[in-house]
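Read the structure below first, then the notes.
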Amino acid sequence: MQQKTILGHPKGLFILFFTELWERFSYYGMRAILVLYLTAETTDKLNPGLGWSSTEALALYGWYGMMVYFMGIFGGAIADKWLGQKKSVIFGGILIIIGQFSLAVNNMAMFYTGLVFLICGVGLLKPNISTMVGGLYKKGDAKRDSGFTIFYIGINIGAVLAPLIVGYFGEKIDWHLGFSLAGFGMIIGQVVYVFGGKYLTGVGNLLKHSKEHAHLMKQPLTKIEKDRMTVMFISFLIVMVFWAAYEQAGGLMNLYARDKIDRFVFGFEIPTSFFQSLHALYVVILGAPMAYFWVQWRKKGKESSSIFKMGIASIIMSFGFVALMGAAYDVSINVLGKAPVYWLFLSYFLHVVAELSISPVALSFITKLAPLKYASLMMGTYFAVTGLGNKLAGLLGEAAQDAGEMAIFTGIAVFTFLLGLLIMLFVKKLKALTHGAEDVDPTVAFVEPE
Ligand code: GLN
């Protein structure tokens, strides 16, 4: 039976799309003002902050960024064992709302309580909503990858809007108003999710607790499942390196854009913070063309396994850092010590082409490969790995303070290039470990989820 679709995708995808759009609005909105709030003077009459030093603020930011994703392991495990993904998303959303409104209260105890709620809430929601996207598609359905790209575009619409809206009201009017707006964003997400529940009936439910099922759950993994776990863990390593490079944007590159890039274009100075939205903006613009490109590529019968795309992503990322080496070179020869802004536009463009070849691809890959009983746990582990990548990015940024940017950019460019090359060399071997999990079944045009 054909289910009603939008753009050829199940309607449920768009429920998850809007829920996650608002969750990310909430997440990135809060993130956009966190460091600013921490470092704002306590004596500021109009909008007082907490008066922390930059080092203290960046340290908290780093830990928060890591923990929020690290919690995904527990969020995934809870979904697999007790709640199922669908309910986990609801509980996660509620924790996030409580968290944001706790930050909205001007009190230190409430501030820390809020952070803990956010870490637990995102940990419960983020991996499980991602796994649910995969649940909308039948095994072998070629639409799965583009479904994840659409979902990913939703994420980034939230990420573009949040710094603009939450950032504006938080910074210019009241930090606590900003946190409240982030909370309202999550409320909208919850409403969409609850009212759209009818399009998600067969997705994200806890595997039934029958005796027969319990028996199934206790079986050791088969050889095929073990191989698939192995290739997933290898892909996680690529992912960690990728995010360690990419997330330079929030820390090191933010300062670099402020101090070493000539941001004047036609007499107008682009604000540094604009570059914090640039990645997400590029994703929204490039998401559809990139998905189209990969579909056409596959139709031509060319190599298009996820592992291959991840290898390509690593190489493109490397080119992104070669562009930054160009900037660092210009800084070194320019009398004012500044480089033209096009380097940054070019570099971020390449980062996003790489991102679209690895991030939604990895999400889809996990839903194809993970044994059913560990579906959410594997997704949670994936996010934990991205959290480690974030932390590594912070450490690399710190290292740049002594080693200099040119050394760090060159190091990242060389490393990601060699890693990409290595993956290309072993792509056939790695693909064999998936045991056909990515083969498209030509008879599956579109099938209603069970
Ligand atoms: N930017 C993406 C998001 O917010 C990916 C983040 C990640 O995988 N760590 O969902």
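Here my numbering is used: the first residue of the sequence shown is 161, the next is one more, and so on.
Every residue, glycine too, gets a C-beta built ideally from N, C-alpha and C.
Going by other Cβ atoms of all chains shown within 10 Å of its Cβ, with 16 needed for buried, is residue i buried or exposed?
i, result
"Leu167", "exposed"
"Gln162", "In this prediction, Gln162 has a pLDDT of 48, which is less than 50 and means its spatial position is unreliable; what the coordinates show is noted afterwards. Counting Cβ neighbours within 10 Å, Gln162 comes out exposed, since fewer than 16 surround it."
"Met377", "exposed"
"Gln561", "exposed"
"Leu206", "exposed"
"Tyr452", "exposed"
"Pro449", "exposed"
"Phe435", "buried"
"Lys460", "exposed"
"Asp240", "buried"
"Arg184", "buried"
"Leu582", "exposed"
"Ala592", "exposed"
"Gly211", "exposed"
"Asp601", "exposed"
"Trp403", "buried"
"Ala567", "exposed"
"Trp242", "exposed"
"Ala269", "exposed"
"Gln379", "exposed"
"Asp419", "exposed"
"Val363", "buried"
"Trp454", "buried"
"Tyr229", "buried"
"Leu321", "buried"
"Val574", "exposed"
Using the C-alpha atoms, what's the distance from residue j back to residue i?
i, j, result
"Leu381", "Tyr502", "51 Å"
"Gly253", "Val282", "8 Å"
"Asn550", "Gly222", "8 Å"
"Thr203", "Thr432", "25 Å"
"Gln350", "Thr179", "7 Å"
"Arg423", "Ala488", "15 Å"
"Lys164", "Leu296", "13 Å"
"Phe428", "Phe393", "47 Å"
"Asn316", "Phe509", "15 Å"
"Ala342", "Ala563", "38 Å"
"Gly345", "Trp182", "5 Å"
"Ile325", "Lys462", "43 Å"
"Met538", "Tyr197", "35 Å"
"Leu173", "Ser214", "41 Å"
"Glu558", "Val265", "32 Å"
"Ile238", "Asp305", "26 Å"
"Gly235", "Ile257", "17 Å"
"Met227", "Val425", "38 Å"
"Lys303", "Ile476", "25 Å"
"Glu515", "Leu578", "18 Å"
"Phe396", "His511", "18 Å"
"Met485", "Tyr187", "31 Å"
"Ile467", "Val391", "9 Å"
"Val444", "Phe339", "25 Å"
Considering only heavy atoms of the ligand MN, does any lie closer than 7 Å to the CB of residue i?
i, result
"Met539", "Among the ligands in the structure shown, the ligand MN does not appear; only the ligand GLN can be found there."
Going by Cα to Cα distance, which pick from the options is closest to residue i?
i, options, result
"Val293", "Lys241, Thr361, Val491 and Leu582", "Thr361"
"Gly447", "Tyr406, Val513, Lys383 and Tyr542", "Val513"
"Thr546", "Ala192, Pro208, Arg191 and Ile233", "Ile233"
"Ala473", "Lys299, Ile398 and Ala563", "Ile398"
"Glu216", "Gly540, Ala200 and Val326", "Ala200"
"Leu552", "Lys247, Gly236, Ala405 and Asp387", "Ala405"
"Lys246", "Asn288, Pro500, Glu515 and Asn267", "Asn288"
"Pro323", "Leu529, Val482, Gly189 and Gly427", "Gly189"
"Leu556", "Thr527, Ile572, Met477 and Ile421", "Ile572"
"Arg388", "Pro170, Leu296, Thr594 and Thr570", "Thr594"
"Ile347", "Glu407, Leu255, Tyr542 and Gln379", "Leu255"
"Lys332", "Leu366, Pro208 and Met226", "Pro208"
"Ser478", "Val228, Phe569 and Lys171", "Phe569"
"Leu536", "Gly244, Lys498 and Val482", "In the sequence under discussion, the amino acid at residue 536 is Ser, which differs from the Leu named in the question. Residue Gly244 is the option with its Cα nearest to Ser536."
"Gly356", "Leu176, Gly596, Glu558 and Asp301", "Leu176"
"Ser290", "Arg458, Thr527 and Phe396", "Thr527"
"Phe308", "Ser466, Gly236, Ser395 and Ser524", "Ser524"
"Ile430", "Met400, Ile467 and Pro500", "Pro500"
"Lys386", "Asp599, Arg191 and Leu529", "Leu529"
"Leu337", "Leu218, Ile193 and Thr541", "Ile193"
"Phe277", "Tyr328, Met400 and Tyr224", "Tyr224"
"Asn365", "Leu590, Leu532 and Ser507", "Leu532"
"Lys469", "Gly259, Gly580, Gln260 and Leu275", "Gly580"
Using a beta-carbon distance below 8 Å, is residue i in contact with chain D?
i, result
"Ile315", "Structure shown: chain D not included; a single protein chain is present."
- Is there contact here, the stretch 583 to 599 with the stretch 434 to 453, by at least three beta-carbon pairs under 8 Å? no
- Are the stretch 309 to 320 and the stretch 509 to 527 touching, with three or more C-beta to C-beta distances below 8 Å? yes
- Task: Using the beta-carbon of each residue, find all residues closer than 5 Å to any heavy atom of the ligand GLN and list them in chain order.
- Result: Ile315 and Thr546
- Answer yes if the stretch 402 to 413 comes into contact with the stretch 492 to 499, meaning at least three C-beta pairs across the two stretches below 8 Å, and no otherwise. no
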